[in-house]
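Undergrad:
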Amino acid sequence: MYNSDNLNELNKRLKTWDETATRFRGKAWRPKMMTVSSREINELYTPLDVAQDGNDSQRFWEEIGLPGEFPYTRGIHHTMYRTKPWTIRQFAGMGTPAETNQRFKYILEQGGTGLSTAFDLPTLMGYDSDSPNSLGEVGKCGVAVDTLADMETIFDGIDLAEVSVSMTINSPASMIMAMYLVVAEKKGIPFDKLRGTLQNDILKEYIAQKEYIYPPVPSVRLIIDMIEYCTDHVPQWNTVSVSGYHIREAGSTAAQELAYTLADGFAYIEAAIDRGIDVDQFAPRISFFFNSHSDFFEEIAKFRAARRIFAKRMRDKYGAKNPKSWLLRFHTQTAGCSLTAQQPENNIVRTAIQALAGVLGGTQSLHTNSMDETLALPSEKAALIALRTQQVIMHETGVTNTVDPLGGSYFIEALTNEMEREAEEIFAEIDERGGVIPAIEEGYFQREIARAAYRHQNELESGERIIVGVNDFVIEDEKIEIPVLKIDASTEREQVASLHEIKQRRNAGEVEVMLDKLRQAAATDGNTFAAMVDCARAYCTLQEMCDALRQVWGEWSESPHVMQVS
Amino acid sequence: MTTERKIRVLLAKPGLDGHDRGIKVIAAAFRDAGFEVIYTGLRQTPAMIVDAAIQEDVDAIGVSILSGAHMTLFPAILDELKAKDASDILLFGGGIIPDDDKDELEKRGVARVFTPGAPTEEAIGFLRDAVARKKTDETLM
């Protein structure tokens, strides 16, 4: 797009420009400016930063192109938000299934267009509410699910053919999905009408969030079993949402988030191809989930680079022929780790800016955090403001009027290229270690993330980096005056009581038979997911299903010595 | 003159919560401050934590809880310390803990509860002072 004469001329003029600029570089001028991920940013970007080789026009088509066309740097749809605004998808779930059901209905009444379910820690770790491991945790970080009955309550009165439902769960994702399918079956909704997303991304659990049960190899098999089943029976369901969110929350840089997440995604794709599933059959149902942090432009560049890397690899490395397999669709959540307990109202502003970065990066759906998340689960008011933040961006700012408004910005394009380069370097490092699973086993990701987190903390404490209200602009003896939601102990009692009632009511013989079949499927190469759907129908508990697999596959634990930080 | 023993601290994550960013940052900061740090990892029961603390002869136990289970887990560790006659080991911690709960826990015997945004230096300073105070108390006894 730039001919060499122009570029030569620009090069010459830049030298003079720089001399003049020096006169304005007073005491306040800093030679080195860094992003939140410690990436150095130039003072100025020009066509020289994006047109680095001679064959510039060809490069334009390979790297940027048009929206809705390969390599999708500018977006996955031709018209983006002009025809299809992003889905406002607020993560919610707390206390008992009945309370979550109420919150869901409230979100839908307020104009939310998708539901997103948070589960409590016992559920996420495959324990029932009456397990000793669950003590004190039932209903705390999300809703407790023990059996199909709980899922029936959560989705009571909600038309599952109309809403898309996202469920944030990983190790026991299959068990929860099996229950969800049976809920739909009982409501008479055919599986091919169901739309939604399951997080179901176990690899990032070993890397960052640490909610794993089984060792990595059988865990990945569990996912591939589900992909196999859903490809045939639940074709509109997004079976895996490959998540960088938690990797970033654990302290990674933007580039690490990008590279580790894509590497995880490619690992699932390779495993499914190895199973013999046609890449074009399942790849369109794999989606991604990224964090949107405060460093505005770096985040936008990250999203754009993600689309381009994915498209290239899917087409060129994995041989996908269907353009739908080349599309990286993603959900965004604003960065919980950027929020502060101090002056919590400021979090509304942080979240709005991060949300805007997600939108300018071309996200398909978005969750905006509530201002009180560093204090507790969101109160109703805080959750409403978070929702309204998205509506203001969508309806008032005009950013939806044109596709990829920042495309062509010298800075954004150069940064997008840089993110891609850095991700490729990290892919090479993972390959050298034998792939994602061996790298997890030796603690590579965990170590790199801990290092980045510590570096960030040191930058805060040295005052190199300012967080408003925390290490500067502090209000002394601040009193926090926002209401905080508390889950009381009655939740645990109620949930345990209802679980015991179900256990009395169900057919115990049938439960045993179904669990046996699940164990058999796990011990052989049967499809574990199909067996779980039968278990769900029989009201087997989540933990009974998880235990059946624990008996066959054992449990994973991370040895702390691989976690050495220094 | 005796050689000053380094402060020994055991760090652990009790409960089911796996969010270990905070505890690892603290581990690195303590190490850089010259403390001897034993990090026992995730999903440690109160009994495991206290046993390890006694075995490692530590001055203090630091735990991180972000899941909301702090009102169950902190008291359980305190009880365990008492039961094993090890209440001389300081218990402190951090996490997403509302102010009311923080006050309540400190009243019940948790030496200090840190909440989001607290700089690592504050935790380092706290531990140095608290351990020094504890040693003076012990000499006086």
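Top to bottom, those sequences are chains U and S. When we follow our numbering, the leftmost residue of the first sequence carries the number 920, and every step to the right adds one. When we follow our numbering, the leftmost residue of the second sequence carries the number 1323, and every step to the right adds one. Where is the CB? At the ideal position from N, CA and C, for every residue including glycine. Predicted model, so just to flag it, every value in this text is computed and none were measured.
Which residues share a DSSP beta bridge with U/Asp1391?
TA: Per DSSP, U/Val1387.
Undergrad: Strictly under 8 Å for the Cβ-Cβ distance: is U/Val1484 near chain S by that measure?
TA: Confidence in U/Val1484 is poor, its pLDDT being 45 and thus under 50, which makes the residue's placement unreliable; the coordinate value appears in the next sentence. Cβ-Cβ to chain S under 8 Å: yes for U/Val1484.
Undergrad: What's the gap between the Cα of U/Leu933 and the Cα of U/Arg944?
TA: Looking at the two C-alpha atoms, the distance is approximately 16 Å.
Undergrad: Should U/Ile1188 go down as buried or exposed, given a rule of 16 or more other Cβ atoms within 10 Å for buried?
TA: Label assigned to U/Ile1188: buried.
Undergrad: Excluding the 5 residues preceding and the 5 following S/Leu1427 in the sequence, name in chain order all residues of the same chain whose CB lies nearer than 6 Å to its CB.
TA: Same-chain partners within the cutoff: Phe1396, Val1435.
Undergrad: In angstroms with no decimal places, state the Cα-to-Cα distance between U/Ala1174 and U/Lys1221.
TA: Taking the straight line from one Cα to the other gives about 7 Å.
Undergrad: Within 8 Å, do at least three Cβ pairs link the segment 1382-1397 of chain U to the segment 1354-1365 of chain S?
TA: Touching, no, given that fewer than three Cβ pairs across the two stretches are closer than 8 Å.
Undergrad: Could you give the distance in angstroms between the alpha-carbon of U/Thr1036 and the alpha-carbon of U/Leu1258?
TA: Near 21 Å, if we compare the C-alpha coordinates of U/Leu1258 and U/Thr1036.
Undergrad: Helix, strand or coil: which one does DSSP assign to U/Tyr921?
TA: Looking at U/Tyr921 - three-state DSSP - the assignment turns out to be coil, as it is neither helix nor strand.
Undergrad: Could you spell out where the beta strand (DSSP E) holding U/Ile1345 opens and where it closes?
TA: Here U/Ile1345 belongs to no beta strand (DSSP E); instead the alpha helix (DSSP H) covers 1329-1351.
Undergrad: Taking buried to mean at least 16 other C-beta atoms within 10 Å of its own C-beta, is U/Met1098 buried or exposed?
TA: Flag for U/Met1098 reads buried.
Undergrad: Does U/Leu1040 get closer than 8 Å to chain S when you measure Cβ to Cβ?
TA: True, the Cβ-Cβ gap to chain S drops below 8 Å.
Undergrad: Would you list, in chain order, the members of the segment 1416-1446 of chain S that have their beta-carbon closer than 8 Å to a beta-carbon of chain U?
TA: Within the segment 1416-1446 of chain S, the residues whose Cβ lies closer than 8 Å to some Cβ of chain U are Ile1418, Pro1420, Asp1421, Thr1437, Pro1438, Gly1439, Pro1441, Thr1442, Glu1443, listed in chain order.
Undergrad: What residues in the segment 1283-1304 of chain U have a beta carbon less than 9 Å from any beta carbon of chain S?
TA: Hits within the stretch, in order: Glu1292, Thr1293, Leu1294, Ala1295, Leu1296.
Undergrad: What residues from chain S crowd round U/Met1044, counting only those whose CB sits closer than 8 Å?
TA: By Cβ distance, chain S contributes Leu1338.
Undergrad: Less than 8 Å between the CB atoms is what I'm expecting for U/Lys1059 and S/Ala1391, so what's the real figure, rounded?
TA: With 8 Å as the limit, U/Lys1059 and S/Ala1391 qualify as a contact, their Cβ atoms being about 6 Å apart.
Undergrad: If you run the structure through DSSP and keep just helix, strand and coil, what is U/Ala1230?
TA: Three-state DSSP puts U/Ala1230 in a helix.
Undergrad: Quick one: does U/Asn1119 have its CB under 8 Å from some CB of chain S?
TA: Judged by the 8 Å Cβ criterion, U/Asn1119 is not in contact with chain S.
Undergrad: Kindly say whether S/Arg1343, judged by its beta-carbon, lies nearer than 8 Å to any beta-carbon of chain U.
TA: It does; some Cβ of chain U falls within 8 Å.
Undergrad: Going by DSSP, what residue range makes up the alpha helix (DSSP H) through U/Met1086?
TA: Unbroken run through U/Met1086 is the beta strand (DSSP E), 1083-1087; no alpha helix (DSSP H).
Undergrad: Do U/Asn1052 and U/Leu1117 have their C-beta atoms closer together than 8 Å?
TA: Going by C-beta atoms, U/Asn1052 is not nearer than 8 Å to U/Leu1117.
Undergrad: For S/Thr1367, I'd like the list of residues in its chain whose CB is within less than 8 Å of its CB, leaving aside the five on either flank, ordered along the chain.
TA: Answer for S/Thr1367: Pro1336, listed in chain order.
Undergrad: Tell me whether S/Thr1458 sits in a helix, a strand or coil according to DSSP, three-state version.
TA: Note: S/Thr1458 maps to helix in three-state DSSP.
Undergrad: Which residues in chain U have a C-beta closer than 8 Å to the C-beta of S/Ser1386? List them in chain order.
TA: Ordered by position in chain U, no residue passes the 8 Å Cβ test against S/Ser1386, which lies about 12 Å from the chain.
Undergrad: Going by DSSP, what residues sit across from U/Trp1156 in a beta bridge?
TA: U/Trp1156 pairs with U/Gly1115.
Undergrad: Beta-carbon within less than 8 Å of U/Ala1442's beta-carbon, same chain only, minus the 5 sequence neighbours each way: which residues are those?
TA: These residues qualify, in order along the chain: Val1471.
Undergrad: Whole beta strand (DSSP E) runs in the segment 970-1020 of chain U with 3 or more residues, listed along the chain?
TA: Entirely contained in the segment 970-1020 of chain U, the beta strand (DSSP E) runs reaching 3 residues are, in chain order, 1006-1011.
Undergrad: Would you kindly report the start and end of the unbroken beta strand (DSSP E) that includes S/Leu1412?
TA: Segment 1412-1417, the beta strand (DSSP E) holding S/Leu1412.
Undergrad: What span of residues does the alpha helix (DSSP H) with U/Ser1409 cover, start to end?
TA: Element bounds for U/Ser1409: 1409-1424.
Undergrad: May I have the straight-line CA-CA distance separating U/Leu1034 from U/Asn1210, to the nearest angstrom?
TA: Going by the C-alpha atoms only, they are around 18 Å apart.
Undergrad: If you drop the 5 nearest sequence neighbours on each side, which residues of the same chain put their C-beta closer than 7 Å to that of U/Val1452?
TA: Answer for U/Val1452: Ala1097, Leu1100, Val1101, listed in chain order.
Undergrad: What residues of chain S sit near U/Ile1399, judged by a beta carbon separation below 9 Å?
TA: Pro1420, Asp1421, listed in chain order.
Undergrad: From the DSSP secondary-structure annotation, give me the bridge partner or partners of S/Tyr1361.
TA: Its beta-bridge partners are S/Leu1333.
Undergrad: I want to know whether the segment 1190-1207 of chain U touches the segment 1241-1253 of chain U - three or more CB-CB distances under 8 Å.
TA: At 8 Å Cβ cutoff, the stretches touch.
Undergrad: Could you check whether the Cβ of U/Glu1360 sits closer than 8 Å to any Cβ belonging to chain S?
TA: Not one chain S Cβ lies under 8 Å of U/Glu1360.
Undergrad: Along chain U, which residues have their Cβ under 7 Å away from the Cβ of S/Gly1356?
TA: The premise fails here: S/Gly1356 is roughly 12 Å from chain U at the closest Cβ pair, so nothing lies under 7 Å.
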